[in-house]
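Number 210 in UniProt numbering belongs to position 210 of the sequence shown; there are no gaps in the numbering. Every residue gets a Cβ at the ideal spot worked out from N, C-alpha and C, and that includes glycine. Here the structure is laid out as structure tokens; the discussion comes afterwards.
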Amino acid sequence: MDQHLNVFIQVVENRNFSRAAEALHMSQPAVSQYIQSLEKELGTKLLERTNKYVEVNKAGNIVYQYAKKISRNYEQMRVLVSDLKNKPSGELKIGASYTIGEYLLPQILAQLQFQYPDIIPIVSIGNTEDIGKKLIQHEIDIGLIEGEFSHPQIQAKDFWTDEMYIISSSRQPLLIRTYKDLEKQTWIIREEGSGTRKMLERFFESYHISPARLITLGSTQIIKEGVESGLGISLLSDLTFKKELELDRIVKLDVEGTPIRRQFFIIKNHHEFHSKAFQVFENLVMSWLD
């Protein structure tokens, strides 16, 4: 990749010539010379300098966005050429929504390590919206999400049918005869952007349920602990509470319209060449869950 663009990226991201020079193992005057040469070639100023920081102007932001694309394409080209003569290896950045990341992905990664020990997975966990945005911004290579994420840049295919149940504490048995009984309960729900929350909101809408009290918690584990303690009821994937069910800490409520089924999806960027590591991971997810 052109060294002028590489130096420019480092200066923009470090917002400082000295820190950029350290990252590049270059002298500060050499970094300044590269930037001046690039500005001269393009015929415009790209950076605004202050005593402490460097900021990009409008022209600089355009150059930075294209430089990042060129950098990604160069790295992808290097990996793909290497793949022609080598077995699957290197880093693979995987994003997963919480239910998948905490309850399915560890088993998939164990199998990946056994079959392809030279692949190094780097995992990001977040809600469905977070993972979709990371993929769009090329912060991850592939995503595994619960629920839907739509974007023209993204291709999605389903790999698992999940079942979701309304659960309550086994200490306080509930008798639910009507949806009105559900309205009287305290519901423990996930945060905005969560695939699990979207499914619950659709359930409420479908059956015209308006709960009297909602408590929002940011993780499935905390929700399970809240349900166990009698704080309220919730809707969760049966992948998440198998142990609690076996230990008789949680019970599934017999409610018409449940279990609710939803799809888990692999998401990836359209029209991109993918490394061998990417391809074997995608194939492993599809085949392992058959």
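- The beta carbons of residue 67 and residue 5 sit closer together than 7 Å.
- Sequence-distant partners of residue 11 (beyond 5 residues in either direction) whose C-beta falls short of 8 Å from its own C-beta, in its chain, are 17, 20, 31, 35, 47 and 54.
- Here residue 123 has 94 as same chain residues with Cβ atoms under 6 Å from its own Cβ, once five neighbours each way along the sequence are excluded.
- Per DSSP, reduced to three states, the secondary structure at residue 159 is strand.
- Between residue 200 and residue 58, the alpha-carbon positions lie close to 43 Å from each other.
- Residue 33 and residue 264 have their C-alpha atoms some 50 Å from each other.
- Nearest in C-alpha terms to residue 27, of all of 44, 7, 135 and 266, is 7.
- Within its own chain, the residues whose Cβ lies closer than 8 Å to the Cβ of residue 210, once the five positions on either side in sequence are excluded, are 183 and 204, listed in chain order.
- Selection 286, 165, 242 and 194 evaluated against residue 149 yields 194 as nearest (Cα-Cα).
- Taking residue 273 as reference, the option from 13, 128 and 74 with the minimal CA-CA separation is 74.
- Counting along the chain, no alpha helix (DSSP H) covers residue 264; the unbroken beta strand (DSSP E) around it starts and ends at 260–269.
- Annotation: the stretch 166–229 contains the following complete segments of the alpha helix (DSSP H) (minimum length 4 residues), in chain order: 179–183, 195–206 and 220–228.
- If you draw a straight line from the Cα of residue 256 to the Cα of residue 160, it is about 23 Å long.
- Secondary-structure assignment with DSSP links residue 48 through a beta bridge to 55.
- Each of 268, 3 and 284 was checked against the Cα of residue 140, and the nearest Cα belongs to 268.
- The C-alpha of residue 176 lies about 16 Å from the C-alpha of residue 208.
- Spatial neighbours of residue 164 in its own chain (CB-CB distance under 8 Å, excluding positions within 5 residues in sequence) are listed in chain order as 196, 199, 235, 236, 237, 238, 258, 259, 260, 261 and 262.
- Bounds of the beta strand (DSSP E) holding residue 146 are 142–146.
- Within the same chain, Cβ atoms closer than 7 Å to the Cβ of residue 116 are found at 88 and 280, the five residues on either side in sequence being excluded.
- Per DSSP, residue 7 is one residue of the alpha helix (DSSP H) stretching across 3–14.
- Counting the other CB atoms within 10 Å of its CB gives residue 114 a total below 16, which places it among the exposed residues.
- DSSP places residue 29 inside the alpha helix (DSSP H), whose first and last residues are 28–42.
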